[in-house]
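S.K.: Per our numbering, the sequence shown starts with residue 1169, numbered consecutively. C-beta: ideal position from N, C-alpha, C; glycine also. These numbers come from a predicted model, not from an experiment.
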Amino acid sequence: MKVFLDTADMKMIKKYVQLGIIDGVTTNPTHLSKEKEKPEKIIKELVKIVPGDISVEITEKSADKVYLQAQKISKIAKNIVVKIPCHADYYEIIKKLVKEKIQINITLVFSLAQALFMCKLGVKYISPFIGRLDDIGADGTQLLYEIRDMIDNYGYSTQIIAASIRSIDRFNEAIMAIADVATIPSDVFEKSLQHPLTDSGMEKFLSDWKKTGIKQFP
Ligand code: E4P
């Protein structure tokens, strides 16, 4: 399973890419708007340090402009994946972009039918938004399981990115649902590296060890 960082925070990305536990990055206009650096500068730096796929979202609205912008974004580097919302107006241009071999991550996916149509168009990734389904009282994890079954049953090649993951529980569920990728925001990612029982267990072992009086071991 691949784990992407869901952020545009360069410090975080550098730290964990170096460690080798991060396989890619997903950005969106919200993430980029929070950074001091200009979006283009961030993206150009990202493509140098991240070995895997980096999703960059379109910011235009009309289908014609989205099409041209997607072509331009994809040319930034080989590992750029263009993020396009799963909107009915874009089906036509998504089909064209796939034919041009442009790597696409379909974002804002909220239903099995949307996921199916994007698989039929042959996009590289679809991103079902788990947290935002939770926000409206729907079951995002259930959708992940359903999309997994649909892709496996019908033999599509599209990969699932579990997105909008806002807790460790949802991260764990994405692992269990066999998402191909989980994209995790910085705070959840750092929390998922640790566990309070690991900390308290270490303290207990170290304090018990002190009781032996041994100064050097081995
Ligand atoms: C990633 O591709 C998405 O843009 C991101 O996970 C959205 O998360 P949010 O719903 O918490 O904003």
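With H, G and I counted as helix, E and B as strand and the rest as coil, what does DSSP make of leucine 1173?
M.R.: Strand, per DSSP.
S.K.: Quick check on aspartate 1303: buried or exposed, where buried means 16 or more other Cβ atoms within 10 Å of its Cβ?
M.R.: exposed
S.K.: With a CB to CB cut of under 7 Å and the five nearest residues on each side skipped, what residues in its chain are close to leucine 1276?
M.R.: Pro1253, Cys1254 and Phe1297
S.K.: Are the region 1241 to 1261 and the region 1213 to 1226 touching, with three or more C-beta to C-beta distances below 8 Å?
M.R.: yes
S.K.: Between aspartate 1221 and the ligand E4P, is the CB less than 7 Å from at least one heavy atom?
M.R.: no
S.K.: Indicate whether the contact test is met: 3 or more Cβ pairs, each with one atom in the region 1368 to 1383 and one in the region 1197 to 1215, closer than 8 Å.
M.R.: Short answer: they don't touch.
S.K.: If alanine 1238 sits next to leucine 1265, beta carbons under 8 Å apart, how far is it from one beta carbon to the other, in whole angstroms?
M.R.: 5 Å
S.K.: Does the distance between the C-beta of phenylalanine 1278 and the nearest non-hydrogen atom of the ligand E4P fall short of 7 Å?
M.R.: no
S.K.: Just to confirm the assignment: which complete beta strand (DSSP E) runs, minimum length 3, are found wholly within the region 1346 to 1375?
M.R.: 1349 to 1352
S.K.: Ignore the nearest five residues each way along the sequence and tell me which others in alanine 1394's own chain have a CB closer than 8 Å to its CB.
M.R.: This structure cannot settle anything about residue 1394, because the visible part of the chain is limited to 1169 through 1386.
S.K.: Check this for me: beta carbons of phenylalanine 1172 and threonine 1351, under 8 Å apart or not?
M.R.: Closer than 8 Å, so yes.
S.K.: Specify, as a first and last residue, the run of the beta strand (DSSP E) that proline 1386 falls within.
M.R.: No beta strand (DSSP E) holds proline 1386; DSSP gives it neither H nor E.
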